[in-house]
Structures are given as C-alpha cells and as structure tokens.
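Down below is the structure, laid out as structure tokens.
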Amino acid sequence: MAQRSLFGITREVLKDLLTCRICFEMYDGSTRFAKFLPCMHGFCVVCLAGLARDEPQFKCPECRRDTPVPENGVQGFPDNFIAGQLKDLEHLLDVNVTRPHGLHCGSCISDGGPAVSFCSHADCVTFLCHTCDQAHRTMRKFDDHAVCAIEDLQKQPEILLHRHKIQCELHKHDLTVFCNEEGCQRPLCLVCVPTAHQGHRVVDLDQKSSEVKEELQSLAQAVGEKTAPVKEISERIESEISETRDRKAKMSTKISKMFGELHTKLQNRNDEVISELEKRAEERIQHLRHLGSNARSLVSQFESASQFAERSCEIGNAVDLLGTRGQIISRLHELIAYDINASESFQPAGKAFLSLKSDHNQVLEEFEKLLPSLGCLDACTGGTVTKLMFTIDFPDDVGSTLPVKATHKVRISSVDPSSPSLESLSGCLGAYLQSPDGSTVECVNGEQCGEFYELQFRPLVAGPHQLNISVSGVPITGSPFPVVVVDTTSSPVDDGQAEQSQDEVCSDLTWTDAFVQCEHKITVKFQAPEHRLPRVNNLSAWYSMPWNQDQEDTGYAIPDKLTASNETEAQIVETNDSQTFRIVYTPPDAGKLIMSVFMNGQPIANSPFVINVNPLHPDSTIVSSHQLGKCQPNTAVLDMPFKLTLLTCDHHGERLTTGGYNITASVTISGSSESLQRHCFTDNRDGSHTVTITPRSVKLHFVSITICGNPVKSPLEISVVDSLPFEDPPTGFEKPTGLDVDTNSHTVYVVDMKKGGRVCMFESDDGSFMSEWAIGESLCKKSSQIAVNNARQLVLLVSDLKLVLTYNIQGSIVSKWKCATDNRKPANLALSREGHVIVGDSQSQELFIYQPKSEVMGRIQLPEGALARGINNVCVDHNQNLLVVTHSEPNRILRYTMTGALISILESPTESCQLAVASTPEGALIVSMLHGILVLEFSHDLMEVAKVKEFRTDYIYTKLAVVTDGCFVAFDPGAKHLAKYSYQPKPSARRREVDEGATP
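Counting from 1 along the sequence shown, just add 25 to a position and that's the residue number in the working numbering.
Structure, rendered in structure tokens:
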C-alpha cells in the first residue's frame, strides 16, 4: 500500500509527533499525557516529572532553554493538543478498505457493520455502513448531507478533526461565540451571553479563530525566516572549526621543520611554541564550539516555534487555539525580536590566524638573541572588535581567587574612546565560564550599570577556569581571562585523604535501554576537586526489577527503598579518567529495572533511576538470505537487490513478534577501501527486518549488521556473480526452443517441445521454478517460439507446421491460424503493442506483419543473410518500431516502421554473428553474439549507437527477453541454461554521490 500522509505529514513524522523524545514511548490518555513547554518542544508528563524533580526550573532536553515549572507542577504545562488530535487519526491512515478493519457504522440501531463512508452533517457526524450509505445517497431527507468514502477520508482526514462540536461545560450547548472583552477572552455558548457576559463585546467564534490563525501564520512565517541565517552561521562555525584544525596541523608541521634545523638548542623552544599553538587553536575551537552550540540551540527554538504555530493552525480547534493563543504569540514575538546579527553574528578568522609573525631567514641569522621571538603565533581571528580595549574586574571579591558555588559579578568597561557605546553592547555581548573539565556555564543577567556593563556567573567546581567574553561573536582583547576558583569550605586532609562531602560533588549518569541477559555499562562521571573525588571502594550500585514486561506499564513509581532480598549488586569498574567510573550489570528479565548508585552509603544525584529492559537478545538474532536460482547460499548478483532477513529473538531463542528496533549495516568490498552505501532497511513489524543491498562489483562483499548498536553475527561474507542462473524444471529441459516474459506477473515462460510439448514457468525475481502445463502431443518435437501479448496470452509459433496458436495462462487454446502460403520458412516471432504478429521468413528474408487474426498487413524485405532459423534477432522497441540485428556480416541494426518504411541503418559494435535482440522500456538495446552480450544505447536522434555494458560468457544465447527492474533474461537452448542479467550501466561518480546522499 502506498504511504499515506496527514496534512503532508508522513507516517514517520506522525510517529515522531506522537512519541516522547525522552522515553520514546507513544503518548497515551492514561499516564503519558502529551505536554508542551514554553519553547514549544513536547514531552510526556512522566518524563517531565523526572526532569523537574521538585526543582523550580529545568533545562529543555532539546534546546537547553531554562524552563520554569508551573506552581501546580508539570501538570500545569499546557496539553499538547496537536498530539491529542493526531492520536485520534492515527488509526484511520492504517485502514485498508479491502480488508476487515475496526471502523463500524454509528447510524445503525443495532451493532453497525463495517464502515464504508463518513457523514459530516451536523445531524450525523458518524461513520456509515453500506446500507446507511445507500440510504444517504438515495433518500431526499439526506440531500444536504455530505457523505465521504473511507478512501477519500484518508486523503482529507481533516474532515474528522472538527467533527464534534465542543459544548459549554455549564449549559451543555455548542460553543459558537467568543467574548472579546478585555480580561474575559473565552469561548461562550448562546446561553452564556445574556447571563454572565451581558454587555460584553461578543464575536463569532469561527471568525475569531480565523483571525488568530492568520496572526499565528504571519508570525510563524516571520520566525521561520530567521532559521536560514542561523543555520548558515552554524555551518560556517563548523567549517571554521575544521579550518582551524587544518591550520593547526599545517603550522605544526612547518614549525617542527623550522625548529628541527636548530637542533638541540632550539628543541625546548620548539616544544613551547607547539604548546602555545595547540592552546590558541583549542581556545579558538572551544570558543567556536560554544558559538555553534548557541546557534544550533537557536535553530531548534526557531524551528519548533514556527512548526508548532503552523500545526496549531492546521490541526487545533478554535478552543485549543484561543486557549493557548497568548502563550504562542508571546513566544513568537520573543523570537521575532531576537537580533540575530547582533547576538549570533560570526566572523571567521583571517588568514593571519595561527601564522608565524617573524621572517624565518632573519631569525636564523640572529637566533641567539631573537630565540624567544621564534614561533610567536598570530592568534588574531579578524574583525574590528579585537582592536578595542576593554578591562574587566570583579567588584564583590577580594584577591585573585573566587569561591566555588557562589554568584560572582564581572564588570566590563572600555578605556578606548573609539569603543562602541555601552548601550550597544546589549544583545551583542556574549560571555561564558569554562571549567577545568571543558564544560561551560553561561554568564547571565547582563545590564548596564553607569559606566560599565555587568554580568553574573556561578562556578560549580574548583580549579583554574577561563572567562570568555566576546562582542558579536568576536573575542575582546585579552579574552579568555584566567579565573581561579577555590573551595573555601575544604576540611584539612587527614591521613592523606580529604573527607568527602556529597553536597560538593556533582555527578552525571549516562545509560541506554538494555537487553535481557546482555552485559551493559552505565557511565557515571563526578565533578569535584581532586581530593574530593570518590574512589572505587566508596561506590556501590544495586538493581532490581519490581515490574516485568507482562505487567502493565501504567502508574508505576520508584519505591522509596528496595529490600536486599530482591536486589542484585552491580560491578563498579575504574577507568583511565579518575573522575569516571562504569557500572556493569546484566538484566535478568524484560521490563523496568531500577538502578541505585551510592557514594559512602548515600544515593548520588538522580539515583535511583529506571532503565527500560527490552526482550530482544542481539546474540540470538537469526540472519538468513534468500537463495537465488541455482546460486550457492549467501550469493548475490551484480547490480541486483539482495535481501538479508533478520529474525529477532529473546534470550531463550524464541521469536519476537514486534519490531521497532534500530538496524544499521555497513558493506565493504574485498581488496578495496570502498564502502557500499546503497542499502536500505525494512521493519516488517512482525519481529523481522530486511536489509537490502545492491552490489556494484563481483568482488567478495562483507556485511556488518548491528541491532540497537550491538553487532549481529557479522561480518557476513557475500559472494557476487555477474548473472542469476535459474533453477531447472524438476525433470530438466528436453528440447527447449522459445522464451518470453510476462512483466505484469513477473513470470518467465520457456517452451519445451519434447514429450508432448510443455510450457515451463519461472519466477523472474529469484529464478525459482513455478509450474508447467502441456501444449499437446501433436506439437511434439516441433521447433517453436513463444511471445506474450498485452492480454497476458501466450502466442506460439510452430515453425515446422507454419502454425500460430494463442493460449491463455491456464493452457487452453484461444485461437489458431496458419501463416501465409508464401511465408514458407517461418523464423522469429515478435508482437506489437496493438497486437500485430511479426513473423520472419529465413528463406525469402522477409518480415510478415499479420493482423491479430492472420491477415497479412504488410511485408518488409530484409538484406540477404539478415534472418536465420533458431535465433530471435527481431524485436519491437518502445516506439513501436521494428528492430532487426542482422545475423550475417556486415553486422548492422535496421529500424523500420510498422508500415515497412526504413528509418535508419546503423553499424553494430558487435564482434561476431548477432544471435538475439531485445529492446528495453528506456530505449536501450540488448544484443547477444557468440560468447557475449552487449548493452547498447542510441543517441537522442537515434542515428548513433554506443556500447555501455558488456558481458563475456561461454554460453550461446539465442533468446533474450526484458524483465522488470532493469534486468533481462537470456537463454541458451543447446546448453539448456537460463540466466538473468542487469542491463543498467554502472553509476558514474556523480550519480553515485547522489545515490549515497539519498540512501534511506
């Protein structure tokens, strides 16, 4: 079934809109209510509760924007009505009207039958069965009712969105008007107006909704227009990071070479300069990363707000729109007012950045006295701001150090008259504090205070920090500024080890969903002064599974305390980083696993936490391939799709029946660094997945597959051959003489005239034998050719009897007639789209063109030696012209109209006798010759022909026919060999780049 979409939203996007981006569970109406934040990003209420954790605010996981928690908790966030509306319509898109489905008639008194249509009239608003549908279409009382078939409803599902009128909770009447009074602003029914809203300004509800939609769409468009420039800045920043690395590498080589000439006297200086180079480059990269992070965050805010507003207008009803109008408009205005050029502008470093200031030869002459000047780096990044003089100071702190976990102020003032005014710094000034581990803390609450500009920041750990200050993205003179942060509450060290204080130790946990009976690792990283970092013997971790997959996933809560009887201790493993540890555990069953991590017997931050344990066991996954024809197992065919099937299982080896797992695959080619990118994945939704690759080389291919990041019995070795050899019939071929293809049913027909005569049928996709039927004893041992007409009937030419028979696909004769008297030696058989039967004559070298019922419509005289018995070198092309590849030299390609007019004579690039020909739907020509097959392409004017592909073979193919998907079949009756080839030329480098970019 073709993929349906809702308002242009594909099934993949629809699933994404209905899935929480934190837990990846679908929204529901019981526990996982959909909510949206002020930044317009949406999550389920369960995950929002985990983020808030009784704190007054938290950061949005998508854009990292600070989000205040409503007074009544996360339940106070607005409902994501877009997800609610789309949830109701999800089932509609999956309905197949040709099969039983879950939609039933709502008009019948008794249980309604399967729905076939939908009535959107206010008196009905329901699905209709076949009987009620006919009543609506034939009875006068339903003349003004609008009935829509299920198929049409799937194309216009918005009809369902507004089918129910929303009623007043007080009077139970439809909400039809809107109170526009300041301080009121709410939908009303007609009973509310003269009672509680008498004298208020009241307007039509639909009119007010249309005005708000127009306003939201205009604002959304304005916000959307800001996305592109910020994306461009983000891309330029990424490019600048790459260029900075390149400059660092190039200058590192140059500096090393220069200092190498000074031998041992310059070695120490060499190390100093390289160190300075790396420091400057890393400072620049860190600054650029920060700018890039801000730009990406802003892109996310612009896109989410714009898309949310547009979808609100498309999907939301009047009440939802008007209820959230203020919040949405406020957010859109906030983003529109954001000055991108001032706050997010970016200036790349000039060519002088990270270059040497001094002349090399001059320094070599005076290196004894100028040694300190060797290798001084120009770290100027360009722009005019870096030339302005600014000073900073910390007004509330005394000395050269700042206490940790305290709020500090920094004042910025200008000592250069040419500096920009302090008023102009608002919106242009950016500042952040970089801690020893590389994490950053933004400076906030920027404001002008007299003759200086003031910012605030709060360091979380002790140690050397760097304060980065920039104007319009360009660091000011002296930035970054060194800042030393100390822990003023440290206790004296006793016996060489400081007393641990968990209030001053920050921790960060990282984990993924787990699988049953598989070993998994959780990373926990601590941030604290070195003397306060925990040791492995200070840590412990325990886990239990109070729920399993058979229990309902609703309303669960993490127990306050777990008993030792149902807990299992996890292993704590040290790493090379003294701040980082790994927790190793193996889940015993599928369901929800509770993990508790302790330091000195007390739970660390965010402990305990819940881990989803999936029933999948990657090591039990079964990988199989479909065997093609007579190929060996795990053998693919050049330029043809090859499918691998993954059957997911649990740790007992039992098949799983649900999909949704993340599958990846990489394909490498033996003896080459080339990686094949053209492969796709299909989730069959029954626990199985299909990986499809298309080999472009006959070399050995290695396929590495992962499921949810875990390798699956790979790499697999896939052999590649240039053609697909078909299976033989169960009793083998006796005297095969003819071949053709029914492209509609993907069936290859071969006529075999031994033992009473029979037609054998093969599957064209995989070369497997299907069935056979007899064609009559009277035709036994007679040479015959076969063709398939547009009615999917088989036309059989019995050359010895000069007889043409037509069979249906069940093997019954539909018609038969004799060739013309002077068509003495019938040879070759071809059919036109209009049903003309073209029969050659190997004696007179003529083509006889018959009407469907034996009347000769015309004749074409061919050159001597053009035709011969036993071959098939005549075909009809996609323009319904006749093509003849002459059997004898000179080798030519002749093109005629059906009326016999000669269009062109072209020299053929074949090297020997031409045996068979077939024309492709794209207009290419396939010609077989002794020991080979050529694929030819014509020029645009059809006056030139060129070879685009060649197959070398020991078989003598005298029969050719085109199948689907850019392939053809070739038959050697003498060797009784039937094979399938791809005629598509290998993609050019340009085309390959396009294909790789578009890989699913």
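We treat Cβ as the ideally placed atom computed from N, Cα and C, and that holds for glycine.
- Its Cα nearest to that of Asp-847, the residue Val-881 stands out among Asn-853, Val-881, Asn-815 and Glu-592.
- Runs of the alpha helix (DSSP H) lying entirely within the region 246-319, each at least 4 residues long, are 252-285 in chain order.
- If the five residues before and after Glu-962 are omitted, its C-beta is found closer than 6 angstroms to the C-beta atoms of Ala-949, Ala-971 and Val-973, all from its own chain and listed in chain order.
- Contact annotation: the region 224-239 does not touch the region 366-380, with fewer than three C-beta pairs closer than 8 angstroms.
- The alpha-carbon separation between Val-784 and Leu-42 amounts to approximately 54 angstroms.
- The three-state reading of DSSP puts Asn-631 in coil, since its state is none of H, G, I, E or B.
- Membership of Val-172 in the beta strand (DSSP E) is indicated by the continuous run 172-174.
- Counting along the chain, Pro-219 sits inside the alpha helix (DSSP H) bounded by residues 217-220.
- The way I'd put it, the region 263-282 does touch the region 294-301; three or more beta-carbon pairs between them come closer than 8 angstroms.
- Asn-562 carries a helical assignment under DSSP once its states are collapsed to helix, strand and coil.
- Secondary structure at Gly-351: helix, using DSSP grouped into helix, strand and coil.
- In the three-state reduction of the DSSP assignment, Gly-792 falls in the coil class, being assigned neither a helical nor a strand state.
- The continuous beta strand (DSSP E) containing His-704 extends over residues 704-708.
- The Cβ atoms of Cys-69 and Arg-78 do not sit closer than 8 angstroms to each other.
- The C-alpha of Ser-497 is placed about 14 angstroms away from the C-alpha of Tyr-457.
- Within the region 66-153, the complete alpha helix (DSSP H) segments at least 4 residues long are 70-77 and 106-118, listed from N- to C-terminus.
- Two segments are said to touch when three or more pairs of C-beta atoms, one from each, lie closer than 8 angstroms; by this definition the region 836-846 does not touch the region 885-898.
- Pairing Asp-53 with His-66, the inter-Cα distance amounts to about 17 angstroms.
- Residue nearest to Arg-321 within the set Leu-854, Arg-90 and Asp-533 is Arg-90 (criterion: CA-CA distance).
- Here Ala-812 carries a strand assignment [DSSP, helix/strand/coil].
- According to DSSP, residue pairing for Val-942 in a beta bridge involves Val-952.
- Leu-931 carries a strand assignment under DSSP once its states are collapsed to helix, strand and coil.
- Under the 8 angstroms Cβ criterion, the region 732-746 counts as touching the region 678-694, having at least three qualifying pairs.
- Per the coordinates, the alpha-carbon of Val-38 lies some 13 angstroms from the alpha-carbon of Ile-107.
- The DSSP-derived three-state label of Asp-158 is helix.
- With 16 or more other Cβ atoms from the protein chains shown falling within 10 Å of its own Cβ, Asp-512 counts as buried.
- Across the set Lys-60, Leu-230 and Thr-600, the C-alpha of Thr-600 shows the shortest separation from the C-alpha of Lys-550.
- Taking all protein chains shown into account, Glu-207 has fewer than 16 neighbouring C-beta atoms within 10 Å of its C-beta and is therefore exposed.
- Closest in alpha carbon position to Val-466, among Lys-430, Val-499, Pro-500 and Ala-174, is Lys-430.
- In this structure, the CA atom of Asp-345 is about 13 angstroms from the CA atom of Gln-192.
- In this structure Leu-669 touches Ser-650 by the C-beta definition: roughly 5 angstroms separates them, less than 8 angstroms.
- Our two residues, Leu-940 and Ser-744, have alpha carbons roughly 31 angstroms apart in a direct line.
- As the crow flies, the alpha-carbon of Ala-995 is around 13 angstroms from that of Val-960.
- About 5 angstroms separates the CB atoms of Ile-501 and Phe-415; that is less than 8 angstroms, so the two are in contact.
- Annotation note: the region 729-794 contains the following uninterrupted beta strand (DSSP E) runs of length 3 or greater, listed N- to C-terminal: 741-746, 761-767, 772-777 and 783-788.
- Per the coordinates, the alpha-carbon of Val-820 lies some 7 angstroms from the alpha-carbon of Val-829.
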